[in-house]
Amino acid sequence: MSEDKISGRPLYLPGDRTPADDRARMIRVDQAGEYGAPRIYAGQMAVLRRGRAAGAIREMAEQEQRHLAQFDRLVAERRVRPTVLSPLWHVAGYALGAAAALLGERAAMACTVAVEEVIDGHYARQEEDLADSDPELAEAIQTARADELAHRDTALAHEATQAPGYELIAGAIKAGARIAIWLSERI
Ligand SMILES: [Fe+2]
Ligand SMILES: [Fe+2]
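Under our numbering, the sequence shown is numbered contiguously, ending at residue 191.
Structure follows, in structure tokens:
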């Protein structure tokens, strides 16, 4: 991006993304992620309802609902176009949660570790990009990010890394989560 020689203001060329576009993208992808997250936990709960970790999973799911409410509000207030992929995340999130849980409680927790690690990195980059430019959005991201890290720790405490094939499961889920982020920013 270049600057207007006289005013010193940034000059946007056709096709350049403005800071407002960037923020809309952030809110769109974050809402999409927070929309998918409770679906993952719902899928896990469908399988592990009576398991040892049911209470912990329910608690994490409730926090995800609060994150979603926060980003739903930002989408509405700032008139951001939501992703068109919600129906896909609705199904894919649930399927991922249920499939991991069918492999066992530790695999379900491995899924949580993988997702939360990707989201942590994603939120950290957003926080850096925002710096002081949008305190309201920055705070929403910080709040969610702190919870996501706590979810990762909960999953680690439930022996996520002892799941058979942990590296494979976590690697595949991380790759999927990154693709979901890339898509939800754009469409
Ligand atoms: Fe979340
Ligand atoms: Fe989370």
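Here a beta-carbon is modelled for each residue, glycine too, at the ideal position from N, C-alpha and C.
All figures in this text were calculated on a predicted structure; none of them were measured in a lab.
- Message: Whole angstroms are fine: how far does the CA of Ile145 sit from the CA of Pro139?
- Response: Taking the sequence shown and counting its residues from 1, the one referred to as residue 139 is at position 135. Taking the sequence shown and counting its residues from 1, the one referred to as residue 145 is at position 141. Cα to Cα, the separation comes out at about 10 Å.
- Query: Going by Cα to Cα distance, which pick from Ala154, Gln166, Ala167 is closest to Glu68?
  - Reply: Counting from 1 along the sequence shown, the entry for residue 68 is found at position 64. Just measuring C-alpha positions, the residue of Ala154, Gln166, Ala167 sitting nearest Glu68 is Ala154.
- Task: Run the proximity test for Met113: is its beta-carbon closer than 7 Å to any non-hydrogen atom belonging to ligand 2?
- Result: Looking up residue 113 in the sequence shown gives position 109. Because no heavy atom of ligand 2 lies under 7 Å away, the Cβ of Met113 does not count as near it: no.
- Is it the case that the Cβ atoms of Tyr127 and Arg156 are separated by a distance below 8 Å? Translated into positions along the sequence shown, residue 127 becomes position 123. Translated into positions along the sequence shown, residue 156 becomes position 152. Not a contact, by the Cβ cut-off of 8 Å.
- Helix, strand or coil for Leu134 per DSSP? Numbered from its first residue, the sequence shown carries residue 134 at position 130. Three-state result, Leu134: helix.
- Message: For a quick check, are the C-beta atoms of Gly47 and Ala111 less than 8 Å apart?
- Response: For this step, residue 47 is matched to residue 43 along the sequence shown. For this step, residue 111 is matched to residue 107 along the sequence shown. No, the Cβ-Cβ distance between Gly47 and Ala111 is not below 8 Å.
- Residue burial classification, Thr22 (beta-carbon count within 10 angstroms, cutoff 16): Against the sequence shown, residue 22 aligns to sequence position 18. Under this definition Thr22 is an exposed residue.
- Item | Own chain, CB closer than 6 Å to Cys115, minus 5 neighbours either side, in chain order | Position 111 of the sequence shown, counting from 1, holds the residue named residue 115. Correct list, in chain order: Ala104, Ile177.
- Task: Measure the C-alpha to C-alpha separation of Gly59 and Met49 and round it to an integer number of angstroms.
- Result: The residue given as residue 59 occupies position 55 in the sequence shown. The residue given as residue 49 occupies position 45 in the sequence shown. Going from the Cα of Gly59 to the Cα of Met49 covers about 10 Å.
- Does DSSP put Leu15 in a helix, a strand or coil? Indexing the sequence shown from 1 puts residue 15 at position 11. The answer is strand: DSSP assigns Leu15 an E or B state.
- Query: How is Glu7 classed by DSSP in three states: helix, strand or coil?
  - Reply: Taking the sequence shown and counting its residues from 1, one reaches residue 7 at position 3. If DSSP states are grouped into helix, strand and coil, Glu7 belongs with the strands.
- Flag this pair as yes or no: are the beta carbons of Thr87 and Ala142 separated by less than 8 Å? Position 83 of the sequence shown, counted from the start, is the residue given in the question as residue 87. Position 138 of the sequence shown, counted from the start, is the residue given in the question as residue 142. It is not a contact, given that the beta carbons lie outside the stated cut-off.
- Message: Quick check: what's the CA-CA separation for Glu239 versus Val122?
- Response: Outside the shown range of the chain (5 to 191) lies residue 239, about which nothing can therefore be said.
- Check whether the Cβ of His71 sits closer than 7 Å to any heavy atom of ligand 1, and report yes or no. Here residue 71 corresponds to residue number 67 of the sequence shown, with the count starting at 1. True, at least one ligand heavy atom lies under 7 Å from that Cβ.
- Where Thr158 falls, given that 16 or more other Cβ within 10 Å makes a residue buried: One-based indexing of the sequence shown puts residue 158 at position 154. Buried, by the Cβ-count rule.
- C-beta atoms of Ser188 and Leu89 nearer than 8 Å: Reading the sequence shown from its first residue, position 184 is the one you call residue 188. Reading the sequence shown from its first residue, position 85 is the one you call residue 89. Contact: yes.
- Query: Ala167 to Tyr16, Cα distance in whole Å?
  - Reply: Looking up residue 167 in the sequence shown gives position 163. Looking up residue 16 in the sequence shown gives position 12. Whole-angstrom Cα-Cα distance: 50 Å.
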